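Protein chains in written order, with the UniProt record's numbering: chain A, 1 to 94; chain B, 1 to 141.
C-beta atoms are modelled at their ideal positions from N, C-alpha and C, and glycine is treated no differently.
None of these values were measured; they are calculated from a predicted model.
Let me begin by presenting the structure, written as structure tokens, before commenting on it.
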Amino acid sequence: MVNTILILSYCFLILSILGTLYRLVKGPSAPDRVQALDALGINIISGIAIFSVSSRNTGFFEVILLIGILSFIGTIAFSRYIERGVVIERGQPK
Amino acid sequence: MKVNDVILQTYTKAVAFIILIFSLYLFLAGHNQPGGGFIGGLMTSAALVLLYIAFDMKTVDNMIPIDFRKMVALGLTIAVFTGFGSFIFQVPFLTHSFGYFRLPLLGETELATAVMFDLGVYLTVVGGTMTIMLAIAEDDD
């Protein structure tokens, strides 16, 4: 029963990743691609969660939190670059 | 033009501390669970990079007055002197030992000298990563 649910969720996850990959390749503008990358990171997080359930292993829980943080910082950096042209600003001299 | 990004800055003030605590957890959990000095250092530098992105470089330099190049030297020194410490007990270089101690509030705890070496790795990784990031961001256009 649980196995069937896990395999089914793997299948839907693959469909969802293919959808975001389509937007990543085809996306007309750069913000589309950034959003597709963010959604892809979340899909990978859920994939790792399903994998750690199916392999009965708690060793991947740190990876989930870690990919969440890294995907968040990557999205922030990309959107800052699109908006301003620089990632880290110099700041006004006092 | 003054751009107002109050959402990002307010969010960063909360999230940076969560990432720092997570990196401390990864650093301390490295002996028995996944984690260790390398990934803990990378997470700490991720929190610092988030601060640098949300605020600008001058503000964060005033907030955290740390020279990251000196941090690399400090980490390497700690790692080497952990190795030299084994000479006091007439054992080969970098021999580690551990013991069980009864600490207040924590109870029976295993303390290992490998943590000192891991601390050196941690400081070196944080210093190296932040040096690379700031050196790239600092160049004039």
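Going by other Cβ atoms of all chains shown within 10 Å of its Cβ, with 16 needed for buried, is residue i buried or exposed?
{"i": "residue 88 of chain A", "result": "buried"}
{"i": "residue 15 of chain A", "result": "exposed"}
{"i": "residue 122 of chain B", "result": "buried"}
{"i": "residue 2 of chain A", "result": "exposed"}
{"i": "residue 30 of chain A", "result": "exposed"}
{"i": "residue 49 of chain B", "result": "buried"}
{"i": "residue 32 of chain A", "result": "exposed"}
{"i": "residue 135 of chain B", "result": "exposed"}
{"i": "residue 55 of chain A", "result": "exposed"}
{"i": "residue 18 of chain B", "result": "exposed"}
{"i": "residue 8 of chain A", "result": "exposed"}
{"i": "residue 97 of chain B", "result": "exposed"}
{"i": "residue 107 of chain B", "result": "exposed"}
{"i": "residue 52 of chain B", "result": "buried"}
Please list, in chain order, the chain A residues whose beta carbon lies closer than 7 Å to that of residue i.
{"i": "residue 49 of chain B", "result": "73"}
{"i": "residue 35 of chain B", "result": "62"}
{"i": "residue 26 of chain B", "result": "62"}
Please compile the residues from chain B whose C-beta is within a distance smaller than 9 Å of the C-beta of residue i.
{"i": "residue 92 of chain A", "result": "56, 58"}
{"i": "residue 8 of chain A", "result": "Those do not exist, as residue 8 of chain A stays about 28 Å from chain B at its closest Cβ, beyond 9 Å."}
Restricting to Cα atoms, I'd like to know which of the options is closest to residue i.
{"i": "residue 46 of chain A", "options": "A/33, A/17, A/1", "result": "A/17"}
{"i": "residue 120 of chain B", "options": "B/50, B/79, B/52, B/58", "result": "B/79"}
{"i": "residue 83 of chain B", "options": "B/33, B/104, B/108, B/115", "result": "B/115"}
{"i": "residue 129 of chain B", "options": "B/111, B/139, B/42, B/108", "result": "B/42"}
{"i": "residue 44 of chain A", "options": "A/76, A/4, A/65", "result": "A/65"}
{"i": "residue 6 of chain A", "options": "A/39, A/49, A/33, A/23", "result": "A/49"}
{"i": "residue 37 of chain B", "options": "B/86, B/76, B/91", "result": "B/76"}
{"i": "residue 132 of chain B", "options": "B/108, B/12, B/31, B/46", "result": "B/46"}
{"i": "residue 92 of chain A", "options": "B/60, B/74, B/102", "result": "B/60"}
{"i": "residue 55 of chain B", "options": "B/101, B/107, B/102, B/11", "result": "B/11"}
{"i": "residue 101 of chain B", "options": "B/94, B/111, B/93, B/92", "result": "B/111"}
{"i": "residue 70 of chain B", "options": "B/3, B/127, B/138", "result": "B/127"}
{"i": "residue 41 of chain A", "options": "A/10, A/71, A/82, A/83", "result": "A/71"}
{"i": "residue 39 of chain B", "options": "B/65, B/125, B/104, B/139", "result": "B/125"}
Please list, in chain order, the chain B residues whose beta carbon lies closer than 7 Å to that of residue i.
{"i": "residue 118 of chain A", "result": "Not covered by the structure: residue 118 of chain A. The range shown for chain A is 1 to 94."}
{"i": "residue 65 of chain A", "result": "22"}
Using a Cβ-Cβ distance cut-off of 9 Å, determine whether residue i contacts chain A.
{"i": "residue 17 of chain B", "result": "no"}
{"i": "residue 22 of chain B", "result": "yes"}
{"i": "residue 3 of chain B", "result": "yes"}
{"i": "residue 123 of chain B", "result": "no"}
{"i": "residue 39 of chain B", "result": "yes"}
{"i": "residue 130 of chain B", "result": "no"}
{"i": "residue 43 of chain B", "result": "yes"}
With 9 Å set as the bound, which would you pick, yes or no: does the beta-carbon of residue i sit closer than that to a beta-carbon of chain B?
{"i": "residue 41 of chain A", "result": "no"}
{"i": "residue 44 of chain A", "result": "no"}
{"i": "residue 59 of chain A", "result": "yes"}
{"i": "residue 76 of chain A", "result": "yes"}
{"i": "residue 69 of chain A", "result": "yes"}
Note down, in chain order, every chain A residue with its Cβ under 9 Å from the Cβ of residue i.
{"i": "residue 137 of chain B", "result": "86, 87, 88, 89, 90"}
Anything in chain A within Cβ reach of residue i, meaning under 8 Å, just list it in chain order.
{"i": "residue 46 of chain B", "result": "69, 70, 73"}
Taking 8 Å as the cut-off, does the CB of residue i come closer than this to any heavy atom belonging to the ligand NAP?
{"i": "residue 2 of chain A", "result": "Because no ligand of any kind appears in the structure shown, any question about the ligand NAP cannot be addressed here."}
**Asked** Where in the stretch 87-136 of chain B do unbroken runs of the beta strand (DSSP E), each at least 3 residues long, occur, reported from the N-terminal end onward?
**Response** The beta strand (DSSP E) runs of length 3 or more contained entirely in the stretch 87-136 of chain B are, from start to end of the chain, 98-103, 107-112.
**Item:** Unbroken stretches of the alpha helix (DSSP H), 4 residues or longer, contained in the stretch 6-78 of chain A
**Value:** Counting only runs of 4 or more residues that sit fully inside the stretch 6-78 of chain A, the alpha helix (DSSP H) segments are 30-54, in chain order.
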